[in-house]
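Q:
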Amino acid sequence: MRKLENSELERKSIEDFKKSKKTSLILILDDIRSLHNIGSVFRTADAFLIEKIILCGITATPPNKEIHKTALGATETVAWEHHENVLEVIENLKKENVLTLAIEQVESAIFLQDFKVEKNQKYALVFGNEVYGVSQEAVAICDGCIEIPQLGTKHSLNISVSAGIVVWDLFQKINWLE
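Numbering follows the UniProt record's numbering, with no gaps: position 91 of the sequence shown is 91.
Structure follows, in structure tokens:
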């Protein structure tokens, strides 16, 4: 086995990325405090051709040196926008028939492994801040909630880790399993 060189990885150019068919996922980051978490989510979104990221509330926006440290240029490829009010964003997406899902531990949440994607359905995933998670107000107006099962002594994950887990799971279900 030989580790591949970067030149062998067939990386897309920025222009090719922008022209590529996107995975029908929108990521909503609400009041994320850590610039490194924001950058990590951008990098994950780039890896899986996510349609766009919507940054809400106090979530910082590119260009930003600290976001760039972990995004490594993904802020140049992944479409993004900023809105002050996450509730308005969720309501507007629902009007566009986008299924909105909070990633949170709530009553009646669907465990990630049990979540089934529907063909031709666009999804928006709402990730909350590092301390309080997704706000109760946002949870209440989402179409549903997905929970990442956790079996250890801790019952929370870093937001960028949560985004990576959920995006990968839905990406493979949308593109390969159905």
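Glycine is no exception: its CB is placed at the ideal position from the N, C-alpha and C atoms.
Compare the C-alpha of His68 against each of Glu118, Asn120, Leu27, Gly39 and name the closest.
A: Taking the first residue of the sequence shown as position 1, residue 68 is located at position 68. Taking only the C-alpha atoms, the option nearest His68 is Gly39.
Q: Write down the C-beta distance between Leu9 and Leu125 rounded to the nearest angstrom, noting that I regard them as a contact closer than 8 Å.
A: Numbered from 1 along the sequence shown, position 9 holds the residue referred to as residue 9. Numbered from 1 along the sequence shown, position 125 holds the residue referred to as residue 125. Their Cβ separation, rounded to whole angstroms, is 27 Å, which puts Leu9 and Leu125 out of contact at 8 Å.
Q: Per DSSP, what are the beta-bridge partners of Tyr123 in this structure?
A: Against the sequence shown, residue 123 aligns to sequence position 123. Answer is Leu25, Leu99, bridged to Tyr123.
Q: Expressed to the nearest angstrom, what Euclidean distance is found between the alpha-carbon atoms of residue 194 and Gln113?
A: Nothing in the structure corresponds to residue 194, since the chain is present only between 1 and 178.
Q: Are the CB atoms of Glu81 and Lys52 within a distance shorter than 9 Å?
A: Working through the sequence shown from its first residue, we reach residue 52 at position 52. Working through the sequence shown from its first residue, we reach residue 81 at position 81. Yes, the pair counts as a contact, with Cβ atoms nearer than the cut-off.
Q: With DSSP run on the structure shown, which of helix, strand or coil describes Gly39?
A: Position 39 of the sequence shown, counted from the first residue, corresponds to residue 39. Looking at Gly39 - three-state DSSP - the assignment turns out to be helix.
Q: Starting from His68, follow the alpha helix (DSSP H) in both directions and report where the run begins and ends.
A: Taking the sequence shown and counting its residues from 1, one reaches residue 68 at position 68. Segment 65-71, the alpha helix (DSSP H) holding His68.
Q: Counting C-beta neighbours from all protein chains within 10 Å, is the total for Ile14 16 or more, i.e. buried, or is it exposed?
A: What you label residue 14 is simply residue 14 of the sequence shown in a count that begins at 1. Flag for Ile14 reads exposed.
Q: Leaving out five residues on either side along the sequence, give the residues of the same chain with a beta carbon under 6 Å from the beta carbon of Ile58.
A: Your numbering for residue 58 matches position 58 in the sequence shown. Cβ neighbours of Ile58 beyond the five flanking positions: Asp31.
Q: Which of helix, strand or coil does DSSP assign to Glu81?
A: Residue mapping note: residue 81 aligns to position 81 of the sequence shown, counting from 1. Reduced to three states, the DSSP call for Glu81 is strand.
Q: Excluding the 5 residues flanking Thr100 on each side, which residues of the same chain have their C-beta closer than 7 Å to its C-beta?
A: As a working mapping, residue 100 is identified with position 100 in the sequence shown. When the five nearest sequence neighbours on each side are left out, the beta carbons in the same chain lying within less than 7 Å of the beta carbon of Thr100 are those of Ile90, Leu93, Lys94, Ala124, Val126, Cys142, Asp143, in order along the chain.
Q: In whole angstroms, give me the CA-to-CA distance for Ile28 and Cys56.
A: The residue labelled residue 28 in the question sits at position 28 within the sequence shown. The residue labelled residue 56 in the question sits at position 56 within the sequence shown. Between Ile28 and Cys56, the C-alpha separation is close to 7 Å.
Q: Between Thr153, Gly128, Val161, which has its C-alpha nearest Cys145's C-alpha?
A: Sequence index remark: in the sequence shown, residue 145 carries index 145 (1-based). Selected option, being the one with the closest Cα: Gly128.
Q: Please tell me whether Phe115 and Leu170 are closer than 9 Å, where the distance is taken between their beta carbons.
A: For the purposes of this step, residue 115 is taken as residue 115 along the sequence shown, with counting starting at 1. For the purposes of this step, residue 170 is taken as residue 170 along the sequence shown, with counting starting at 1. In this structure, Leu170 lies closer than 9 Å to Phe115 by Cβ.
Q: Exposed or buried, what is Phe42 when buried is set at 16 or more other beta-carbons lying within 10 Å of its beta-carbon?
A: If you number the sequence shown from 1, residue 42 lands on position 42. With 16 or more other Cβ atoms within 10 Å, it is buried.
Q: Below 9 Å between beta carbons: does that hold for Gln105 and Glu147?
A: In the sequence shown, the residue the question calls residue 105 occupies position 105. In the sequence shown, the residue the question calls residue 147 occupies position 147. Yes. Within cutoff.
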